[in-house]
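Notes for the one structure printed next.
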Amino acid sequence: MNAQPLEESFGDPRDIENPLGFAQILAADERGELLAAGERALDEWNFNAEFVPVALGGRLHGLDDLARRIRTVFRRDAALALGYGVTSLMAAVNIWASGSISQQQQAAKLLLARQRIAVGYHELEHGNDFLSNELRARRDGTMFRLDGHKQVINNCARAAAMVLFARTNDAPGARSHSLLFVDTRALERDQVRLLPRYRTSAMRGCMLGGIEFNDCAVPHDSLLGREGSGVQTALRSFQITRAALPGMALGILDTGLRTVTAFATERRLYSTHVSELPHARNALAQVFVDLLIADCFARSVARGMHLFPEQASAWAASVKYLVPSMIEQAMNDLSIILGARFYLREGAHAIFGKHYRDVPVISLGHAGSTACLLTILPQLYDMACRGWKAAEAPAALFGHGEVLPPLDFSRLRIAGLDQDALASMLLVAAESDYARPGEEAIGQMIRSLAGELGQLAETARHMRPADRGVEASAAAFGVAERYPLLLAASACIHTWRQHRAHEPGHWLAGTEWIRAALTRLTQRIQGHSTALPREVVEPLFVELRDRVEHNRSCCLDGEPLKG
1 MNAQPLEESF GDPRDIENPL GFAQILAADE RGELLAAGER ALDEWNFNAE FVPVALGGRL
61 HGLDDLARRI RTVFRRDAAL ALGYGVTSLM AAVNIWASGS ISQQQQAAKL LLARQRIAVG
121 YHELEHGNDF LSNELRARRD GTMFRLDGHK QVINNCARAA AMVLFARTND APGARSHSLL
181 FVDTRALERD QVRLLPRYRT SAMRGCMLGG IEFNDCAVPH DSLLGREGSG VQTALRSFQI
241 TRAALPGMAL GILDTGLRTV TAFATERRLY STHVSELPHA RNALAQVFVD LLIADCFARS
301 VARGMHLFPE QASAWAASVK YLVPSMIEQA MNDLSIILGA RFYLREGAHA IFGKHYRDVP
361 VISLGHAGST ACLLTILPQL YDMACRGWKA AEAPAALFGH GEVLPPLDFS RLRIAGLDQD
421 ALASMLLVAA ESDYARPGEE AIGQMIRSLA GELGQLAETA RHMRPADRGV EASAAAFGVA
481 ERYPLLLAAS ACIHTWRQHR AHEPGHWLAG TEWIRAALTR LTQRIQGHST ALPREVVEPL
541 FVELRDRVEH NRSCCLDGEP LKG
């Protein structure tokens, strides 16, 4: 199923009479509420079916397609997407990964009945340090008894069930915590207390709360997987959400870019349109190509979860680290073009300010950027010691049309195995010929990026043991930050090469965008940013303006939008 029916049902977001439009979304945000009409529309779509595997009666098959469909909601309101159901996905992946057949069927039944499942990882005093979490689940005959609290849980007060991360053993280490899948409707009211809602400066419609347990009995069959496997299950499940969420969140930048481009082509300044000013024109072109880079990377990693799940741990952490930071920087660059209108909370451009405020939350979730880099560091050392070698991967890793095998949660690993198909394909690209007109400079950049991978390996091999964990130095984090950029480069190069080989007339088969993409990635690796060459900026801006004028997405697919 594609996203177009959902796009049609939401209508033109800029129509002030549309009950699902930006005006109503902004009004609900001012009230600190989710748009009720939006929730009803997602009920009619049976939005939760997106998070249930096909084998259990839902629509979840390709993780890249999931991201593209849910991007439709993110374009309008990230809080609605997260608040209605994406956090149910964050809970459910633990059940799909480690739950029994009956637990999976129970979760699927709840979600398909438009209920919500919350997930309780966090305790504010411990942040992302899960091993220090104190919510306790002690055995008592055929029951577990819960004592303690969880905080900052989305939909805590209105979830039919909850996945809880709890201590089941006093011993230190990763085997002392378990996950429980609890029917919150069956809990004894005198043994549980809902904590007051947390008010936030962004995602203001999301209903963040907390829950406190006092000797609360839950059945023993609430346990997900083996006792003591909570950390392992959570880290495997994070890979799915880390891979999916960045692709969804690109909808925020898509709307931001189209909003500011429309403004720049209409607004006159110094007797000319803002879009004619060289700095503004270059900035819009840069944001456009950054969106294409992020989409290439997010799509390849999402497809890699199906094709190479054993390798995907470092990829998922990489895309969750890089793409949200790119979105945040791009929105900041766009805010400068929008100028004073960026601060307005009403009017034609006010949706940009809401999206701008919401973006940083995407970087956090249940694992922020530091946690992602700490996932990459030890694996980077292992990969560097083995060395990367050129090796072909299936075209399906980069293509959109090929049918993917179902997600196999059992094949996910906390640390990747020997291969790294995405990085290896960068070396494959470096060994190819680029003899067509305009491709020589691209070939040089590809070979230079492959050389960066070799330098990365050399540096990573000499990292101290302390630099592979939580005590890593700033320099070690800098090394880890380069790896996602090289993976993104590989994704972009092979997306271009596929169009070049199979759709030579497609805009993405041209040289301008890939030259701009590799320039931007090289600049990020080198730690500086300069203007793109004029001969690249002009065709990028022409394509961008055409998409905005004809209500098409600025993502890779360029799909038609309602507004």
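The UniProt record's numbering numbers the first residue of the sequence shown as 1 and each following residue consecutively.
By construction, the Cβ of each residue, glycine as well, lies at the ideal position given by its N, Cα and C atoms.
Remember, predicted model here, so these are calculated numbers, not experimental data.
Next item on the list: Mind listing, in chain order, the continuous alpha helix (DSSP H) runs of no fewer than 4 residues lying wholly within the region 395-482?
Entry: Fully enclosed alpha helix (DSSP H) runs of 4 or longer: 421-430 and 440-461.
Check: ALA234 to TYR434, Cα distance in whole Å?
Finding: 44 Å
Check: In chain order, what residues of the same chain have a beta carbon less than 7 Å from the beta carbon of LEU194, not counting five sequence neighbours either side?
Finding: CYS156, ALA157, GLY209 and ILE211
Notebook entry, point to check: Quick one: Cα of ALA316 to Cα of THR370, how far?
Noted result: Straight through space, the alpha carbons of THR370 and ALA316 are spaced by roughly 14 Å.
Next item on the list: Measure from the alpha carbon of VAL163 to the alpha carbon of each residue in SER237, MET143 and GLY205, then state which is nearest.
Entry: Ranking the options by Cα distance to VAL163, first place goes to SER237.
Note to self: Could you give the first and the last residue of the continuous beta strand (DSSP E) run that contains PRO219?
What the structure shows: 208-219
Margin query: For GLY247 and LEU422, which I take to be in contact (beta-carbon distance under 8 Å), what is that distance rounded to the nearest angstrom?
Written below: That belief does not hold up - the Cβ atoms of GLY247 and LEU422 are roughly 15 Å apart, past 8 Å.
Next item on the list: Specify whether the region 179-197 and the region 68-76 touch according to this definition: at least 3 beta carbon pairs, one from each stretch, less than 8 Å apart.
Entry: no
Checklist line | Between the CA atoms of PHE308 and ASP333 - distance to the nearest angstrom | finding: 35 Å
Check: In the DSSP assignment, what are the bridge partners of GLY148?
Finding: When beta bridges are read from the DSSP output, GLY148 appears opposite PHE213.
Notebook entry, point to check: Beta carbon of ALA489, beta carbon of GLY416: below 8 Å?
Noted result: No.
Notebook entry, point to check: Around the Cβ of ILE16, are there at least 16 other Cβ atoms within 10 angstroms (buried) or fewer (exposed)?
Noted result: Residue environment analysis places ILE16 among the exposed positions, since fewer than 16 neighbouring C-beta atoms fall within 10 angstroms of its C-beta.
Check: From what residue to what residue does the beta strand (DSSP E) around HIS177 run?
Finding: For HIS177, the enclosing beta strand (DSSP E) begins and ends at 177-183.
Notebook entry, point to check: Which stretch, first to last residue, makes up the beta strand (DSSP E) that contains ILE117?
Noted result: For ILE117, the enclosing beta strand (DSSP E) begins and ends at 117-120.
Checklist line | Cβ pair PRO324, ALA244 closer than 8 Å | finding: no
Notebook entry, point to check: Between the beta-carbon of HIS122 and the beta-carbon of THR255, is there less than 8 Å?
Noted result: no
Next item on the list: Decide if the region 33-50 is in contact with the region 268-286; the criterion is three or more beta carbon pairs, one per stretch, under 8 Å apart.
Entry: no
Check: Hey, PHE352 and VAL260: beta-carbon distance below 8 Å or not?
Finding: yes
Notebook entry, point to check: With contact counted as at least three CB pairs below 8 Å, one residue from each stretch, are the region 32-40 and the region 271-280 in contact?
Noted result: The region 32-40, when compared against the region 271-280, does not touch it at the 8 Å Cβ threshold.
Next item on the list: Give the straight-line distance between the Cα atoms of ALA429 and ARG31, rounded to the nearest whole angstrom.
Entry: 52 Å
Check: So does the region 140-150 actually touch the region 109-116, counting three or more Cβ pairs closer than 8 Å?
Finding: no
Margin query: Whole angstroms are fine: how far does the CA of ARG167 sit from the CA of ARG258?
Written below: 47 Å
Checklist line | Where GLY469 falls, given that 16 or more other Cβ within 10 Å makes a residue buried | finding: exposed
Margin query: Could you compute how far the alpha carbon of GLY181 sits from the alpha carbon of ILE153?
Written below: Inspection of the sequence shows that residue 181 is occupied by Phe rather than by Gly. Looking at the two C-alpha atoms, the distance is approximately 15 Å.
Check: Which residues in the same chain as ARG204 place their Cβ atom closer than 6 Å to its Cβ, once the five residues preceding and following it in sequence are excluded?
Finding: ASP29 and GLY32
Next item on the list: Please list, in chain order, all residues of the same chain as CYS555 whose beta carbon is under 7 Å from its beta carbon, the five residues on each side excluded.
Entry: LEU250, ASP254, LEU291 and ASP295
Checklist line | Option nearest GLY451 by Cα separation, candidates ARG482, GLU471 and VAL361 | finding: ARG482
Check: By the 10 Å Cβ neighbour count, where 16 or more other Cβ atoms means buried, how is ASN2 classified, buried or exposed?
Finding: exposed
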